[in-house]
Structures are given as C-alpha cells and as structure tokens.
Amino acid sequence: MLQSRASEHAQVHAIAHASTASQFTPFAHLRTPADPLFDSSASSDNTARQPVDDFSHGCTVGGSKRQNRAQSAPALLERKLEVNRAAQKRFRQRQKARVKNVEAQLTQVNAQLVQLRHQQQELEIQNKVLENKTQTYSSLGPAAEDVLLWKGDAAWHEQANSSHDHAWGLNLTVWQNDCCVTVNDLCHLPLAKLTKLYTTYTQKLATCLVGEPMISHQSDLHRWTAEVSGLMLAVSMHNPNLLYQLDQSRMDVGCAVQETASDECFRNLVVAMQYSEEQVQDLLHLRRLFYGRQGLLERQRRLLVGKLSSNEAMDMTDSPPQNNYSVLTNISRELRANAAEEHCLRLQCCCACFRGIHTSKQCATGMVHMYPFMLQRGKLFAVLAADRVEPSVHELMTGLSKSDAQHMADWQHVVNYLDKLSLNQLDMHCPLLGHSAAA
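Numbering (the working numbering), first residue to last: 56 to 494.
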C-alpha cells in the first residue's frame, strides 16, 4: 500500500514539472546565448567569481593603507623631531638674545656708575678747594690781596721761626757769624744786596762741589742749599716783584739786564745734573700738571675780563649805580684772587721742583752752573720736554683732555706732596709720582 502511494506521488510531481516547463518554452527565443543575465551557465560562472574578486580587491586596498601608514610613521616622527628641534633652537636664540641684552644693560649701568663715582670724587675735591678758598677769603677781610693764600711747604715752616720779635725769620750761616734775619727784612733788601747774598751762597756751594767729598762739606752743602731755597721762597711769597727783578738780573752786576742764559747752557745743565729716570718722569709730570692748572686759571681770567667788558657789567641804564658798582667790585675781587692763585701756583711748582724732586747736590750744581743767572724752572722744563717729545705748552694749557675739576684735583696732589716734605728730606729726591699714586 505504501509503495502504491509513493508511486502516485512521484507521478504527480513529474506531471507538475512537465507542465511548468512547457509554459516558458515560447520565450526561449528572446534570450541571447552570450547574455549573462539569461544564460544560466554564464551567470553562474560570473556570480561565482565576482565575490571573490570583490573580496580580494578590498583586501588589497586596506592592506596598502596600513602599509602606507607603516611606511610614513618614521617620516612623521622625523618631521616632528625637526619641528621640535627648530622650536628649541628658536627658544635658545631668544634666551641668548635676552641674556646678551641684560648683560649689555648691566655693562652700561656699571659704566655709568663708575662715571658718576668719578664725577662725585671730582666734585668733592672741587668743593673742598672752594671751601678752603672761601674760608681763606672770609678770614682775609678787605685786605685780601695783601695776605698769602699759601704760606710755604712744611719744610719751610721747620726752617723759619718766630723767636725774633714774634716774626718769621731764617737762620743764615753763610757768613762767619750766624744770624737770624726776619722775612720782612729779607723781602725789603735792595736788589744789589740780594744779588750779593745769592753770589755768596753760590761761591760757598762751588767750594763744596769742587772740594774733596768730606762729611763737613756734605753737611754744609745740604744746609746752604736749604737756606738759599728757603730765602728765595720767602722773597717769592712776600715780595714777588723783587723776585721778578732778581730773575731778570745778573748776579755779578746786581741790576736788571736784557741778557739771559742760552738754550745750550740749559742743555749742558741737564747733562751736569745727572738726573735719574725717576726724576725725569717726576719733572715731566710736574710740568704737565703745572701748565694744565695754569691754563685753567687763564681761562677763568679771560671769562672774568669778558664779564668786565660786557654790557651786563657796564650797563648803567637798567640797574641802579649801586648794583653796577657791586658787580664791578666782585669781578675785580675775583680777578685779584685769580692772580693770587696763579702766584701760589708758581711758588708751589718751584718748591716741588727744587725742594722736592731735586737733591741738594743737584740744586747746588744748578746754581753754580747757571751763574751769573738764576736757575729758571721754565727753561729746564722746555729742555727736558724737547728731549722726550712731550706735548707743547699750548696743548697742555688748552686742557681739552681733562675737565676743570680734574685739573684742580691733579694739582691738589702736588699741594699734598708739599705738605709732606720735611727739612731732613731736602737733600734727597722725594718721588712725586709715587706720592700721587698713593694719594
């Protein structure tokens, strides 16, 4: 029974399949054999390959991207490192520029500080000098021109004494009998007697120089050179006109003459002096300081003369006569003070030259060698400066390389140097440059 039913079912299925196939037979001629849409064999082949091709293509694209990323990673890292290095370099450059800028500002500030300190020192020295000058003028009163602004070096105060009627005096031992002569008497000696006294000292010193080097001769030479230099200093301080006449005179005649010692005589004198190199440097240094300070005084004097002749000083219409008189009085007083300072300057220079730098033997040699004329400091400076090619007097007096305060401060060292001289040092060389450096 079961086999009959199965056979029936198979027959039914075959009939259904045959009917279905017969229905689509009329459209078979519309299909193209090569068309994959209707060709079952072709479509089956194409559809079987297409997914494989799509899958393989997709795998290739994704792999190439990952490969590109892997290959570009070192380049990106290197690029990043280059950017970092460039940024670091720029930072270091900026930092270095800032450090240089700060160092430059620090250097500039330090230079300004040093300059300000130097100016402060100059102003302090100038203020001290002006205070001393003010105190001197205030103590002088109306007769300011008759009182000395400088009263000699320390050694001269040891030489002079006030035991004779409370007046300054000097002990002169050139004669057989020693005597104490007051400064007032010395300064009022006639020119003939003063030249005779100078001649006597020169003869005594010549005896010491040409005689045997005995101890007594050496002590006499030291004492007599100190006495004659102290005598000249006393005359210079209290009667400068007499000293000027003596400087223009012949000692063997006793009167003023037009004749002066030749330059050749001074050149021979420099050889006879036998200066040491230290002495030459001291003399040239003193020359530079002296003419620099003298140039400052000359410029101040010209300024005062210009005020005196200007409309500001001479205009009588815009101000009362009392005011004009006061202005003229002040200017004339300043001119007298300027002249007094220049006179003190010459005295101090001579003392530093002949009582500090020169030895007593050199001073005696100069007096004997230059007789019958006076030993002149200016010509001695000129010969030494020509040998060493020093700046001219005009260049030094112009003083363009230094300020006025510096000229005053430099000369103050010379004044301090003279204040340290003692009577027992007049026979030796007292260095000026060493004292200036220490000061």
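A virtual CB, placed ideally from N, CA and C, is assigned to each residue, including glycine.
Fair warning: this is a prediction, and the values are worked out from it, not measured in the lab.
Given a cut-off of 9 Å, decide if residue j and residue i are closer than it, judged by their beta-carbon atoms.
i	j	result
Leu473	Gln403	yes
Trp466	Phe345	yes
Leu324	His449	no
Pro446	Arg343	yes
Glu412	Leu341	It is Ile, not Glu, that sits at residue 412 in the sequence shown. Closer than 9 Å, so yes.
Gly421	Met328	yes
Lys416	Leu246	no
Glu177	Ser456	no
Cys242	Ala289	yes
Can you check which of these residues, the options, is closest to residue i by C-alpha distance?
i	options	result
Gln300	Arg322, Leu244, Leu339 and Arg354	Leu244
Leu227	Gly207, Lys248, Tyr256 and Trp205	Tyr256
Leu298	Val360, Lys248 and Ser317	Lys248
Trp279	Leu400, Thr262 and Leu359	Thr262
Leu400	Lys416, Gln329, Pro295 and Glu158	Pro295
Arg356	Glu397, Asp318, Gln148 and Val335	Glu397
Leu338	Leu478, Lys434 and Asn479	Lys434
His468	Gln273, Asp459, Leu488 and Thr315	Leu488
Gln174	Asn471, Lys475, Ser127 and Ala460	Ala460
Ala407	Val382, Leu132 and Lys475	Lys475
Val438	Asn471, Val326 and Arg153	Val326
Leu359	Gln336, Asp318 and Ser387	Ser387
Asn239	Met287, Gln273 and His272	Met287
His484	Glu389, Gly361 and Glu332	Glu332
Ala395	Ala440, His272, His293 and Ser317	His293
Ala316	Val470, Val283 and Ser304	Ser304
Val283	Gly309, Tyr253, Asp302 and Gln163	Tyr253
Gln313	Asn385, Asp302, Arg432 and Arg145	Asp302
Once DSSP output is grouped into helix, strand and coil, what is the label at residue i?
i	result
Ser415	helix
Leu227	strand
Ala164	According to the sequence provided, residue 164 is Val. The question's Ala does not apply to it. Of the three classes helix, strand and coil, the one that applies to Val164 here is helix, per DSSP.
Thr315	coil
Cys234	strand
Val157	helix
Pro486	coil
Ser274	helix
Pro427	coil
Asp240	helix
Leu171	helix
Val438	helix
Ser381	helix
Asp208	coil
Pro446	coil
Pro245	coil
Gln403	helix
Lys151	helix
Tyr330	coil
Gly361	helix
Gly433	helix
Cutting at 6 Å between CB atoms, please list the residues of its own chain near residue i, excluding the five before and the five after it.
i	result
Ala281	Leu481
Asp307	Pro427
Lys444	Note that residue 444 is Val in the sequence shown, not Lys. Once the five neighbours on either side are set aside, Val444 has no close Cβ partner at all.
Asn479	none
Ser291	Leu298 and Leu402
Gly285	Trp211, Gln214 and Leu225
Arg322	Val438
By Cβ distance below 7 Å, which residues in the same chain neighbour residue i in space, the five residues on each side in sequence not counted?
i	result
His462	Gly347, Arg348, Leu351 and Gly454
Trp205	Cys399, Leu402 and Gln403
Ala159	none
Gln336	Leu488
Leu430	Gly421 and Met422
Gln334	Ile412 and His484
For residue i, I'd like the list of residues in its chain whose CB is within less than 8 Å of its CB, leaving aside the five on either flank, ordered along the chain.
i	result
Asp233	Asn226 and Leu227
Lys259	Val229, Asp275 and Trp279
Ser477	Ala209, Ala210 and Glu213
Glu393	Strictly speaking, residue 393 in this sequence is Asn, with Glu absent from that position. So the qualifying residues of the chain are Leu352, Gln355, Arg356 and Leu359.
His277	Ser415, Leu481 and Asp482
Determine, using beta carbons only, whether residue i comes closer than 9 Å to chain B.
i	result
Ser284	Among the chains of the structure shown, chain B does not appear; only one protein chain is present.
Worksheet item: Which residue spans inside the region 281-311 form an unbroken alpha helix (DSSP H) run of at least 4?
Response: Restricting attention to alpha helix (DSSP H) runs no shorter than 4 residues, the region 281-311 encloses them at 295-302, ordered along the chain.
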